[in-house]
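Everything on this sheet refers to the single structure shown next.
Residue numbers (our numbering): 963 to 1877.
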């Protein structure tokens, strides 16, 4: 992305690419003075033109409008219309109950979806700070919100960059921009002009809002504030993003539309036929009863509760769900796009390989914790006998401006991550920085500069003063004339010219192929009288001490999680702002591949591709390196265009738009920025990629339980609808009324269906491939199941009603017994699709050891029985719902009529296995 702004004095049609401008040109365009800064009148003028340096939050819909949107569902709209018909026909109680049901569903949805979109506010928080500026020729501290384009800003180590700056002076400046670019190492900055097409992560003459200065100091001109900064651009990407639906919402939308057509068709038929046989009132009653019976009013509530229970289960496994549909979406994920730094890796540079005294060493342990060993041939080293290694480690800890410390129980680096890695490797060998600083006091230093590619420090010691140097292999080797052997004795480099070419460079290449960043270390003894060090002192005569290779290492648990995801048929792709070689090496270490290969593409290559090419590359590629924020977004969109269900993990500001676009955005709860957290659907409390696998497993189990719930609820609607339709066609009395249908569909269905959300997951759930995202909720086998059970329910309702009415002439009693017989059958059906009975049998014969969750299903069945006793025996309910009390014998009759469901369900389970 090319960062542009149109400041005062520029034509609105002439945007500028600041990193490609000479410093004098930038100063002229922004009408400022590098020594005196802006004047007060200029600041006021620019504040009016550009506004304050803060991000504007997106306006949100009022709460009442969000609540009304809950009714914007086809099935609920039909229920509202049915209630209106009942109200107009004078049945206000019936209308009130119907509207109460729809309002209850709306409230449940509103409560679950009313979490505020706080991502833009979090972005604003990310760049709010105080800063030092030069105005009216004076150096002053002001809130960062008051900055305007043209301000001259001074930044130093420890500062947060307050706005986008074009650097005009830089002294040993290094900035951690990992939150914006994904680059795991602090970026060394300079002031020279760059090409206009330079990627964001490589614009070394720019400092971007939200970055942290880890070393050095600089002066810069503010070129962009607020929404015009790179961070602000990300916030606009997030605002422009339109919320996409999840697989679950898409399936329910399609199901609702198809079901709606059926309901409207049957209701119209019922009304027309009823009108020809009976009066308008009876025809309306029949049409409304059929409409209410055909709509699964309890289904939205059951889905919400099932997902909420899934949320609770995931929380126990370190995954916090922020948006309910994300539970089910996880279960259907086909691709996980993961950021590298801090997600797959620890975001802690670690030395893993050392070459010193002619020998190779490996270093165990990860991160800045001084825990681990230095091994030679897989055996711990003895520093007394490995003098060459001792000198190499000593150089790393002395030629160093950083230190590591324990903070909140975790080891962290204060300073540069690369220096922190050198410090940690030396401490693993027993060196102590504090005691060494006293024994070998630092007298002078040459800070690292890109022009020289090295850093040098001068130390005094009882054995004499010594200059220690670290830097790039090229910069150090050409200055060396001697090298140390294993015993720590110098030997001439000219005598081992062949060795130098074949061994040292071969070692460098071996480390580089592993994705390691290689530093060379050297020393030079000098006179005890020398108290300063200059570049001329180290032009020649250095003694080569060795190499240290470091990397931001992958998490061990993440490696296992990646393997588990790939076994479950889920592709894992790495999308990072880091270098391609490093990212590819990490991917190989972690086993991230597609069909055995690790194809890597860079952001520059992606920028040249059209949509079709990008979609193909997104599918085939495994590693995407040096990727800008918009390209992460494009990659997610490209995968979605291929029909993939994309989960995107990330923790930086740069990840936020892609997190929001993905089917499910997964942010790191600990190391993640507030921006990423607010844009996500799910947080990992332990920042562990392995928790994703656990969440996917729970998501798949939740979907299975949702299907069971649907297959339990819909047959009741089917049986009720068939009963009403046939009664009208045969000109018979309705066996079930609209309000009685609502009792069944809401209270009874929810009581008996919710326990299925507690069903344990199947043993092989993570050995199955991801389900087809286009698979309908009602597949062929499920449709057969629903029709078969609906037929049984119709026989029970219609048969019991006709028999009891014929023998007693009591319509209310006939309806009450028909409904209770239906409930008896439902109880047997619930037991047939639950894992309760199979698990109890397995528990008794010792096949499984886990406790079987009897209370959930048991409480559901007991609750349903209690509700039916209330339905039949409470006078107020008798009055409102037109029911009648039953004798003990009549209760037994209802139970007997429902019991054939046991055999019927066994047959149905052969057609469509529920587990």
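No residue lacks a Cβ here, since even glycine has one placed at the ideal position from N, Cα and C. Please read all numbers here as calculations on a predicted model, not as lab measurements.
Reduced DSSP secondary structure (H/G/I, E/B, other) of residue 1421
Here residue 1421 refers to the residue found at position 459 when the chain shown is read from its first residue. Residue 1421: strand per DSSP, three-state reduction.
So for residue 1850, helix, strand or coil by DSSP?
Taking the chain shown and counting its residues from 1, one reaches residue 1850 at position 888. Three-state DSSP puts residue 1850 in a helix.
Taking residue 1379 as the reference, which of 1392, 1016 and 1331 has the closest Cα?
Here residue 1379 refers to the residue found at position 417 when the chain shown is read from its first residue. Residue 1331 is the option with its Cα nearest to residue 1379.
Scan the stretch 1461-1521 and note each continuous beta strand (DSSP E) run of 3 residues or more that stays entirely inside, going in chain order.
1479-1487 and 1504-1513
Do you know whose CA, among 1288, 1840, 1213 and 1789, lies nearest residue 1862's CA?
For the purposes of this step, residue 1862 is taken as residue 900 along the chain shown, with counting starting at 1. Of the listed residues, the one whose Cα sits closest to residue 1862 is 1789.
Assuming residue 1100 is part of the beta strand (DSSP E), what are its boundary residues?
Counting from one through the chain shown, the residue named residue 1100 turns up at place 138. That run of the beta strand (DSSP E) goes 1100-1105.
Candidates 1782, 1223, 1314 and 1247, of which the one nearest residue 1390 by Cα
Within the chain shown, the letter at position 428 stands for residue 1390. Residue 1314 is the option with its Cα nearest to residue 1390.
Which residues share a DSSP beta bridge with residue 1389?
By 1-based counting over the chain shown, the position of residue 1389 is 427. The partner list for residue 1389 (beta bridge, DSSP) is empty, contrary to what the question assumes.
In whole angstroms, what is the alpha-carbon distance linking residue 1125 and residue 1440?
The residue labelled residue 1125 in the question sits at position 163 within the chain shown. The residue labelled residue 1440 in the question sits at position 478 within the chain shown. In a straight line, the C-alpha of residue 1125 is about 41 angstroms away from that of residue 1440.
What does DSSP give as the partner residues of residue 1352 in its beta bridges?
In the chain shown, the residue the question calls residue 1352 occupies position 390. Residue pairing by DSSP leaves residue 1352 without any beta bridge partner.
Leaving aside the five residues before and after residue 1674 along the sequence, list all residues of the same chain whose C-beta is less than 6 angstroms from its C-beta, in chain order.
Here residue 1674 refers to the residue found at position 712 when the chain shown is read from its first residue. Result list for residue 1674: 1715, in chain order.
Per DSSP, cross-strand counterpart(s) of residue 1728:
If you number the chain shown from 1, residue 1728 lands on position 766. None; residue 1728 has no bridge partner.
Per-residue burial, residue 981 [other beta carbons within 10 Å of its own, 16 or more giving buried]
Counting from 1 along the chain shown, the entry for residue 981 is found at position 19. Buried is the call here.
Endpoints, the alpha helix (DSSP H) within which residue 1739 is located
The count along the chain shown starts at 1 and reaches residue 1739 at position 777. Premise fails: residue 1739 is in no alpha helix (DSSP H) and is neither H nor E.
Note down, in chain order, each residue of its chain lying with its Cβ closer than 6 angstroms to the Cβ of residue 1443, except the 5 sequence neighbours on either side.
Within the chain shown, residue 1443 is the residue found at index 481, counting from 1. Contacts found: 1455 and 1503.
C-alpha distance - residue 1065 paired with residue 1253, whole-angstrom precision
Here residue 1065 is taken as the residue at index 103 of the chain shown, counted from 1. Here residue 1253 is taken as the residue at index 291 of the chain shown, counted from 1. Distance between the alpha carbons of residue 1065 and residue 1253 is about 17 angstroms.
Please state the DSSP three-state secondary structure of residue 1445.
Counted from its first residue, the chain shown places residue 1445 at position 483. Here residue 1445 sits in strand by DSSP.
Could I get the ranges of all uninterrupted beta strand (DSSP E) runs contained in the stretch 1568-1592, with 3 residues as the minimum, in chain order?
DSSP runs (the beta strand (DSSP E)) wholly in the stretch 1568-1592: 1585-1587.
Please report the Cβ distance between residue 1298 and residue 1273, rounded to the nearest whole angstrom; I am assuming they are in contact, meaning their Cβ atoms lie under 8 angstroms.
Mapped onto the chain shown, residue 1298 falls at position 336. Mapped onto the chain shown, residue 1273 falls at position 311. Not really, about 20 angstroms apart at Cβ, beyond 8 angstroms.
Identify the residues that DSSP records as bridge partners of residue 1300: which are they?
Locating residue 1300 in the chain shown gives position 338, counting from the first residue. Answer is 1536 and 1611.
So, helix, strand or coil for residue 1717, using DSSP?
Within the chain shown, residue 1717 is the residue found at index 755, counting from 1. Note: residue 1717 maps to helix in three-state DSSP.
Using C-beta distances below 6 angstroms, list every residue in its chain close to residue 1261, excluding the 5 sequence neighbours before and after it, in chain order.
As a position in the chain shown, residue 1261 is number 299, starting the count at 1. These residues qualify, in order along the chain: 1675.
Give the C-beta separation of residue 1732 and residue 1295 to the nearest angstrom, bearing in mind that I take them to be a contact with Cβ-Cβ under 8 angstroms.
By 1-based counting over the chain shown, the position of residue 1732 is 770. By 1-based counting over the chain shown, the position of residue 1295 is 333. Indeed, because the Cβ distance is near 7 angstroms, the residues count as touching under 8 angstroms.
Tell me which residue opens and which closes the alpha helix (DSSP H) that residue 1544 is part of.
To locate residue 1544, count along the chain shown from 1; it is residue 582. Its alpha helix (DSSP H) spans residues 1542-1552.
Among 1797, 1143, 1450 and 1610, which has the Cα closest to the Cα of residue 1817?
For the purposes of this step, residue 1817 is identified with residue 855 of the chain shown, where counting begins at 1. Answer by Cα proximity: 1797.
If you run the structure through DSSP and keep just helix, strand and coil, what is residue 1698?
By 1-based counting over the chain shown, the position of residue 1698 is 736. The answer is coil: DSSP assigns residue 1698 none of H, G, I, E or B.
Is there contact between the stretch 1370-1384 and the stretch 1310-1327, where contact requires at least three CB pairs shorter than 8 angstroms?
yes
Would you call residue 1193 buried or exposed, if buried means 16 or more other Cβ atoms sit within 10 Å of its Cβ?
One-based indexing of the chain shown puts residue 1193 at position 231. When all chains shown are included, residue 1193 counts as buried.
Cβ contact check for the stretch 1542-1562 and the stretch 1519-1526: 3 or more pairs under 8 angstroms:
yes
Cut-off 6 angstroms between Cβ atoms - residues of its own chain near residue 1103, not counting five sequence neighbours on either side
Residue numbering aside, residue 1103 sits at position 141 when the chain shown is read from its first letter. Excluding positions up to five away in sequence, the list reads 1092 and 1094.
Helix, strand or coil: which one does DSSP assign to residue 1395?
Against the chain shown, residue 1395 aligns to sequence position 433. It is helical.
Does the beta-carbon of residue 1372 have 16 or more other beta-carbons within 10 angstroms, so that it is buried, or is it exposed?
For the purposes of this step, residue 1372 is identified with residue 410 of the chain shown, where counting begins at 1. With fewer than 16 other Cβ atoms within 10 Å, it is exposed.
Apart from the five residues on each side of it in sequence, which residues of its chain come closer than 6 angstroms, Cβ to Cβ, to residue 1819?
Here residue 1819 is taken as the residue at index 857 of the chain shown, counted from 1. Once the five neighbours on either side are set aside, the close Cβ partners of residue 1819 are 1717, 1796 and 1798.
Would you say residue 1543 and residue 1482 are within 7 angstroms of each other, going by their C-beta atoms?
In the chain shown, counting from the first residue as 1, residue 1543 sits at position 581. In the chain shown, counting from the first residue as 1, residue 1482 sits at position 520. No. Outside cutoff.
Where does the unbroken beta strand (DSSP E) through residue 1092 begin, and where does it stop?
Position 130 of the chain shown, counted from the first residue, corresponds to residue 1092. From DSSP, the beta strand (DSSP E) with residue 1092 extends over 1092-1097.
So, residue 1513 versus residue 1539, is the Cβ gap smaller than 7 angstroms?
Residue mapping note: residue 1513 aligns to position 551 of the chain shown, counting from 1. Residue mapping note: residue 1539 aligns to position 577 of the chain shown, counting from 1. It is not a contact, given that the beta carbons lie outside the stated cut-off.
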